[in-house]
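Here the structure is laid out as structure tokens; the discussion comes afterwards.
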Amino acid sequence: MVQLSEVHSLGFLLGDGEMAARTRDYDWASTPLGPPETWPQSLRSATGICLHSSFPTAIYWGDEFRLLYNDAWAPIPADRHPWALGRPAHEVWADIWDIIGPQLRGVVESGQGLSEFDRMLPMERNGRARETYWNYSLTPILGEDGRVAGVFNQGHEVTQRVLAERRQAFLLALSDALRPLGDPNEIIVRAQQMLGEHLRAHRVGYGEVDATERFFTTENNWTDGTIPSRHGTHDLAGFGEEVHGRLKRGEPLVIDDVETDPRTCSPAYLAAFAAIDTKAAITASLVRDGRMVAALYVHSREPRSWTASDVAVVGDVAERTWSAVERAQAQAQTAAARSRLQAVYDAVPVAIVIADAPSGRIVGGNAQVERVFGHPVLPSPDVEAYRQWIGFDATGRQIAPEEFPLARALRGEEERPEIETLYERGDGRKVWLRLIGSAVKDERGQIQGAVVAALDIDRHKRAEAALRDLNDVLEHKVAEIAAERDRVWSNSRDLLTIADAEGVFRAVSPSWQAILGHAPEEVIGRNFLEFVVPDDVSLSRSSHDQAAVRDLRNFENRFMHKHGGYRWISWHTAVEGGLVYGYGRDVTEEKQRRAELEQAQEALRQSQKLEAMGQLTGGVAHDFNNLLSPIIGGLDLLQRKQLGDERAQRTVAGALASAERAKVLVQRLLAFARRQPLQPSAVDIGRIVEGMASLLASTLGPRIRLVLEIEAGLPAARADANQIDMALLNLAVNARDAMPDGGALTIAVDVETIAPGAAERLAAGSYIRLRVSDTGCGMDARTLARCVEPFFSTKGIGQGTGLGLSMVHGLAAQLGGGLAIDSKVGVGTTITLWLPTSAAAAEEEEADEALPAGAAAGVALVVDDEDLVRASTAGMLEDLGYEVIEANSSEEALRILEGSAIDLLVTDHLMPHMTGSELARTARQRWPELRLLIVSGYAEVEEIAPDLPRLTKPFRLSDLAGALAANS
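The opening residue of the sequence shown carries number 396 in the numbering used here; numbering runs sequentially from there.
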């Protein structure tokens, strides 16, 4: 230790710095250098210079290169300071001695100094070897004997600069590599490869993060070949809460060793890293609008001390990859927009040519160019090359390239340069063209290019007034095309909006006028709720509040149209910078089609349901008719022959009345099933209504007022008068039961003409419209939906069959008309019946004919597979004076006809093997004089020839006699 008493001889050690004090206090006597007072003057001088220098300086002295250094040099050995003072250089710099040892010896042996710039020295720091870079010099110090006794060292660390320059060079190379790539996947693959090779990593992967910020998906990874790819979807939560949280905040994740890092060293997290064969990693996450959207990771299968430069370059690559992918996607969208723009170009009835700025290179034109100019677009590389487009002014002088409107628009000298030129077409003809140019500018007003529109005015040169109008249209179209190129959204067919957090529109697309009738200037500055249908305001307000903090998808509401009505809009939104960006698609027609489809499906279900019920009720009615035929026939016989006493006759009359009511019930079933035997003719509906007025009034009772509204001069309707009577009576009874406290029943008859497509279930044509309206209790929606179903009734037990409306519905359909029911609870019900008009005049009513007296009328053959029905029919024929032969099948009847003289054939229609109609046709062909009558309980009208007389079961003797008399 140097004593203060010796200061006069050791002035070179004086100084206020740390190292001056440490040098004075060091036990140099224990080293080969010996006590400072014994040091040679060369060492004393060098030490004085070192300690008093502000530049990092060190001295390596003697054979062992013992180390002395100043305060500025002290940070260089890092954690080896101050231990390094007085130590041999090979101990201090054991980690880099293979580099600096030969350099120090070389200076001593050669006597020549050495300078190094940006020298990489792999120094050990914090227990790990790290890549460091230095600028330093080694200068020989001559001893008193003239030989090199030591080395004077000055230098400083340049690691940050070198790594920054290297990082910058890498990033420039990365940008150059990514710039020409247009496919997002190719961009990701290339970025991964370059980053992996730059950092000498084992695996690199880039991918997107789902909306929950938990699942990370990569389509592919880059690896150096020593480690497997780990593409696919990974659960970020599996790597630890702290790791996951850091990534979600957008903070870089740096792990030198997963086994020692406190964030990852738990067994569960180590297992997750072991599964992907990773011991060290850097991960840079990308956060957009407060949400992690993507990440880039670099994996090492061995522990690694990552530098700040490594971390920075990973973050830079992540950002540049994201930007390049977005650029590629934007370019794809731009290409699509360009395609749409080209379609607009081709549709405009003028030629349009486009040029880039500032060169004036012509980049394309629309399909009209060849028609107008007579040649395809000439790809002129610059304005000077416009000489290829040959045009002359009115004096015959050729137009110079710089005079063309396209060149003038590129210079920005005029708002809308224009010229009329006698152009030399590709086919040699010269035609007058008007060329109008326009500059295409960005939002800052900078010229990005220009367009020129060319109009053939050869035939209209003198029509200046018409030409001015055409110029206005052309200017408008050119402006539209220029705007289309600048802002793709102007072409959108959907609503595009920008609104603030309060819902006030900052900007809207022109499509507002097409969809909702509002010009953009009528919308901007107003709150969106002013345009929303009032019933949707509350839900729309809450949805906008949500849209101000997160994206909305498929939210639907109704916007009022300026000229009345409303449109359904489906919204998608995104929020950024306190503004809500909205995209709205008009789904009105979609919703209407969906509603119409549901209505059509419901109508089909109802039609199928009614058809199935019709088939069922028709079959039941047929069987009832067969059962009723012998009953009514037998009771009619008992009544006519007056068998039994007065009491027995009353019983017979009561039974016959019940059977007749059953017959009416069966007719209603057949009406619903559309299988009732109709006898349509030209009928005066007004006369029928008037004729039934008295009956209807008595049926309704005194508390219900009957009102008739019958249009004068009505044409006849094609209908069955008896069935119309029954339908009117049914409707009147239903109306009466709906008005227990009294009211009014209005029956109106008029003519209505149905236009094609005007009515869903009515063919176009002229119809008699019969409306029956009451002021009763009305029907709710459920009752209205089922009111025409057979046996459905809201009346009490025993108060109705539930077949009245079913019969009217079936009758309308069977006559080729229609039925509509409109009812409101507490208001009343209106039933409208449409009947096709008849070209013939209405038939006059005929008086009933008396029952023909019995007489020997000849031999009758009765054919029916039902024994009781056949016996009943045979008994009636015998009462009418016929000799009767019976057969139970068509085949048996033909055998009887072969061997007997038959005058009359009465046959059932629906029988096994051969129907009655087939039997009748066969008999008529072989015995033309044979009289025929078809009877059936199932009225298969379409299968019975119209010229064959027919009678419907059940029937009485008078019905049979009338049918035979009409056929005589």
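A virtual CB, placed ideally from N, CA and C, is assigned to each residue, including glycine.
Since this is a predicted model, take the numbers as computed values, not measurements.
Close Cβ partners of residue i (< 7 Å) along its chain, the five nearest in sequence each way excluded
| i | result |
| --- | --- |
| MET1134 | ILE1099, ASP1169, THR1170, GLY1171 |
| ILE1149 | LEU1157, ALA1159, GLY1160, TYR1162 |
| LEU533 | GLN498, LEU499, VAL502, GLY508, LEU509, VAL546, ASN548 |
| ALA914 | GLN908 |
| ALA342 | Because the chain here runs from 396 to 1363, residue 342 falls outside it and cannot be looked at. |
| LYS957 | LEU911, GLY912, HIS913 |
| ILE582 | LEU573, LEU576, THR716, ALA719, VAL720, ALA723 |
Sub-9 Å separation of residue i and residue j beta-carbons
| i | j | result |
| --- | --- | --- |
| LEU1263 | PRO1231 | no |
| LEU576 | ALA689 | no |
| ARG988 | HIS967 | no |
| GLU797 | VAL778 | yes |
| THR452 | TRP468 | yes |
| HIS485 | GLU459 | yes |
| TYR961 | VAL928 | yes |
| CYS588 | GLY600 | Looking at the sequence itself, residue 588 is Gln, so the reference to Cys does not match. Against a cut-off of 9 Å, the Cβ pair of GLY600 and GLN588 comes out as no contact. |
| SER1233 | PRO1323 | no |
| PRO1344 | ALA1356 | no |
| SER1076 | ALA1122 | no |
| GLY1081 | ILE1105 | yes |
| LEU1103 | VAL1078 | no |
| GLY1212 | TRP1229 | yes |
Residue closest to residue i, alpha-carbon to alpha-carbon, out of the options
| i | options | result |
| --- | --- | --- |
| ASN761 | VAL748, GLY412, GLY1096, VAL487 | VAL748 |
| THR1227 | ARG1166, VAL1257, ALA1282 | ARG1166 |
| PHE450 | LEU463, ALA896, GLY550 | GLY550 |
| PRO483 | ALA1315, MET1174, TYR464 | TYR464 |
| THR607 | ALA586, ILE964, ILE583, LEU642 | LEU642 |
| GLU636 | GLU917, TYR664, ASN615 | TYR664 |
| GLN436 | ILE494, GLU539, PRO430 | GLU539 |
| GLY1086 | ILE1119, VAL975, ALA415 | ILE1119 |
| ARG595 | ILE677, ALA669, SER1285, ASN521 | ILE677 |
| GLN763 | ALA746, ALA789, ALA1288 | ALA746 |
| ARG514 | ALA544, VAL557, ALA473, ASP1342 | VAL557 |
| LYS825 | ILE785, ALA834, GLU838 | ILE785 |
| ARG696 | PRO1097, THR621, GLY685, GLN724 | THR621 |
| ASP466 | SER440, ALA416, ILE494, TRP423 | ALA416 |
| ALA1112 | ASP1132, THR1094, VAL1146 | VAL1146 |
| ASP630 | ALA723, PRO623, VAL604, TRP617 | VAL604 |
| ASP711 | THR655, PRO647, ARG699 | PRO647 |
| LEU1328 | GLY633, LEU1314, VAL649 | LEU1314 |
Cβ neighbours of residue i in the same chain (closer than 6 Å, five flanking residues each side left out)
| i | result |
| --- | --- |
| ALA752 | LEU805, ILE842, GLN843, GLY844 |
| GLU847 | Reading the sequence as shown, one finds Val at residue 847 and not Glu. Same-chain partners within the cutoff: VAL748, PRO800, LEU801, LEU830, GLY832. |
| LEU773 | GLN783 |
| ILE671 | ARG625 |
| ASP822 | GLY769 |
| SER704 | LEU558, ARG562 |
| PRO776 | ARG756 |
| PHE668 | VAL653 |
| ILE1192 | Note that ILE1192 has pLDDT 48, beneath the 50 cutoff, so the model's placement of it is unreliable and the number below is only indicative. Nothing meets the Cβ criterion. |
| PHE565 | HIS593 |
Residues near residue i in its chain [Cβ-Cβ closer than 8 Å; skip 5 each side]
| i | result |
| --- | --- |
| GLY645 | SER680, LEU681, VAL682, MET687 |
| PRO427 | GLY457, ASP458, GLU459, ARG461 |
Anticipated Cβ contact below 8 Å, residue i with residue j, distance rounded
| i | j | result |
| --- | --- | --- |
| ASP1260 | VAL1220 | Their Cβ separation, rounded to whole angstroms, is 51 Å, which puts ASP1260 and VAL1220 out of contact at 8 Å. |
| ARG1265 | VAL1254 | Contact flag wrong, Cβ pair sits at about 16 Å. |
| ASP578 | HIS597 | Not a contact, Cβ separation roughly 26 Å. |
| LEU828 | ASP851 | 6 Å |
| VAL638 | ARG658 | 6 Å |
| ASP571 | ALA524 | Going by Cβ atoms, the distance from ASP571 to ALA524 rounds to 32 Å, so no, they are not a contact pair. |
| LEU924 | GLY898 | 6 Å |
Heavy atom of the ligand NAD within 8 Å of residue i beta-carbon
| i | result |
| --- | --- |
| THR673 | Absence of the ligand NAD is noted for the structure shown, with no ligands found whatsoever. |
Contained alpha helix (DSSP H) runs [length at least 4] in the stretch 1088 to 1164, N- to C-terminal order:
Listed in chain order, the complete alpha helix (DSSP H) runs (minimum 4 residues) inside the stretch 1088 to 1164 are 1116 to 1133.
Could you tell me which whole alpha helix (DSSP H) segments of length 4 or greater appear in the stretch 1277 to 1324?
DSSP runs (the alpha helix (DSSP H)) wholly in the stretch 1277 to 1324: 1285 to 1294, 1311 to 1321.
Where in the stretch 873 to 946 do unbroken runs of the beta strand (DSSP E), each at least 3 residues long, occur, reported from the N-terminal end onward?
As far as the stretch 873 to 946 is concerned, its whole beta strand (DSSP E) runs of at least 3 residues are 890 to 895, 900 to 903.
Length at least 3, wholly inside the stretch 702 to 776: the beta strand (DSSP E) runs in chain order:
Along the stretch 702 to 776, the beta strand (DSSP E) occurs as fully enclosed runs of 3 or more residues at 746 to 751, 757 to 760, listed in sequence order.
So within the stretch 521 to 579, which uninterrupted alpha helix (DSSP H) runs reach at least 4 residues, ignoring any that extend past its ends?
Runs of the alpha helix (DSSP H) inside the stretch 521 to 579: 554 to 573.
What ranges does the beta strand (DSSP E) occupy inside the stretch 419 to 475, keeping only unbroken runs of at least 3 residues that lie completely in it?
Taking only runs of at least 3 residues, the beta strand (DSSP E) segments lying wholly in the stretch 419 to 475 are 452 to 456, 461 to 464.
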